[in-house]
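Here the structure is laid out as C-alpha cells; the discussion comes afterwards.
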Amino acid sequence: MTDKNTTRENEYVEIVEYYDNLLTSGYYDFESLAKNLSNLLGARRKVLDIGIGSGLLSEQMLTLADYEIVGVDFSSKMLEIAQKRLANTNVKLICEDITKFETDVKFEAAISTGGAISATKEDDEIRLYSHITEAGQNEQLLAKLNSQLSENGLLALAIQGPHSNYRKKI
Ligand SMILES: C[S@@+](CC[C@H](N)C(=O)[O-])C[C@H]1O[C@@H](n2cnc3c(N)ncnc32)[C@H](O)[C@@H]1O
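With my numbering applied, the sequence shown corresponds to residues 57 to 226, in that order.
Right, dumping it as C-alpha cells:
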C-alpha cells in the first residue's frame, strides 16, 4: 500500500471495527452493485475506485472480470482491511486524499459507492453528495477526475436511497 496521507483527519477510524458488519448486514448489496456497474462499464477494465474503503465493491467486481483497479482512500484503517480482503489480487491501494491524488494513468472508469463523492436520490431527484465540504473543491475534484479519464471514460457514482432508521443485530 502506498501511503501519502500526512495531514488529514477523517472520521473513518473507530467505525472501521464494525464497518463491514454494518455494510454487509443489508445496508448495501455489493453483489448487485457490482453486476450493474460491470454492465455499465462494458469492456472498460482500468478502474479507479474512489474511497475504496474496505474493498467490498472491488472484491465483487473482481468476481466478474479481470479489472485493473487502483483504490484510493485517505483512511489507512479502512485500507488495512482492504489489503487483507484483496490480498491475492492485483488491486493497487493508495492512502491519499482523492482531491490530491495525481497520476499519469488514464482510467477507463472512476467508480464510487459512497466514497468521497457519490449520489443520492430523494423525491425522484438525484443529487451529488460529497464528503468534501470546502466550497469549490467538488467542482475541482470532478474536473480532475475528468482529466484522469481516458476518452470515453466513465464516472459512475452509486445512487444511495434515503437513509432510514432500523434495528439489526450485528
Ligand atoms: C461510506 S465509505 C464507502 C467505502 C466503500 N466505497 C464502500 O462502498 O464500502 C466512504 C469512504 O470514503 C473515504 N473517503 C471520504 N472522503 C475521502 C477523500 N477525500 N479522499 C479519499 N477517501 C475518502 C473514507 O475514508 C471511507 O473509506
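Glycine included, C-beta positions come from ideal geometry on N, C-alpha and C.
Here Val72 carries a helix assignment [DSSP, helix/strand/coil]. In this structure, Glu73 has its beta carbon at no less than 8 angstroms from each heavy atom of ligand 1. Between Ala90 and Gly192, the alpha-carbon positions lie close to 30 angstroms from each other. The Cβ-Cβ distance between Ile137 and Ser110 falls below 9 angstroms. By the neighbour-count criterion, in which a residue is buried when 16 or more other Cβ atoms sit within 10 angstroms of its Cβ, Leu78 is exposed. Ligand 1 has a heavy atom closer than 8 angstroms to the beta-carbon of Tyr84.
In the DSSP assignment, Phe86 falls within the alpha helix (DSSP H) that extends over Phe86 to Leu97. Between Lys162 and Pro218, the C-beta spacing is not below 9 angstroms.
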